[in-house]
Amino acid sequence: MRRFVGLMSGTSVDAVDAALLEIDEGDFGIRTGGFASVAIDDALRDELHALQASGPDELARAMQAASALADRYARAVEALLLQCDLRAEQITAIGAHGQTVRHRPELGYSIQLLNAARLSERCRIAVVHDLRAADIAAGGQGAPLVPAFHAQVFRSPLERRAIVNLGGIANVTLLPADCGSEEPVRGFDTGPANTLLDGWCRRHTGRAFDEGGEWARSGTVHDALLARMLADPYFALPPPKSTGRDRF
């Protein structure tokens, strides 16, 4: 059995989440061994959001933000290991995505900010990162990443399954009845989810998110606005496709 730490800050950039995964090498069974979360301060969140568009001195600012984010990631790892009573040498590797600031697979790139060397040095654990580049180089979208995980955890020999993930950007995974068959696992981004919901909530209520959906539940659908949003050309594109905050 090997232990890994997975790190994600997500499109909302409100916190760094760290999960301890215990994986059996024989059958690749996955168990969650612990979880920790470290908040991201408003200043770093605002800077990461600002870097999603061109601006003055953005290269230097991006590198500084990448190092600051690595420090938040390291704090999350430290909190997780303390909670689980583990030492760094008991962890095989850290999987760290970084923060997406540009996602343009049609132009051959997707940029995730993270000083992975700094993270590895602080934690004294190997770091696996830059997770999208190889797929984009091979002609793929580089996103979403989660279908491979869904195939491992939710596959069934008897039935087809669809898994919907409502993150900052929503995506769907379509699993064939036998993931070892010739029929491929498919996945693509369906459009914005919490990235627009949280932004709308901040603008109109001053809160970071709509806890429990209470605010949304109190209103009614604005049909004209919904139709205007759904007219965005992205929704008519056939898969494979992916998107991000730089579009929505």
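Mapping to our numbering: the sequence shown position 25 is 1272, numbers consecutive.
Glycine is no exception: its CB is placed at the ideal position from the N, C-alpha and C atoms.
Applying the 10 Å Cβ sphere with the 16-neighbour rule, what's the burial state of Ile1287?
buried
Please say whether Gln1388 and Val1348 have beta carbons closer to each other than 7 Å?
no
Is the distance from the Cβ of Ala1440 to the Cβ of Leu1413 below 7 Å?
yes
Around the Cβ of Ala1315, are there at least 16 other Cβ atoms within 10 angstroms (buried) or fewer (exposed)?
buried
Which residue or residues does DSSP assign as beta-bridge partners of Thr1339?
Answer is none; Thr1339 lacks a bridge partner.
Can you tell which of Arg1454, His1296, Val1252, Ala1262 has the C-alpha that lies nearest to the C-alpha of Leu1268?
Val1252
Using DSSP's beta-bridge definition, name the partner residues of Glu1269.
Arg1250, Arg1278
Going by Cα to Cα distance, which pick from Ile1383, Leu1378, Ala1363 is closest to Glu1353?
Ile1383
How would you write the range of the alpha helix (DSSP H) that Arg1449 sits in, first residue to last?
1441-1452
Cα separation between Ile1416 and Leu1360?
18 Å
Ser1284, DSSP secondary structure in three states
strand
Determine the contact status of Ala1265 and Val1324, defining contact as a CB-CB distance below 7 Å.
yes
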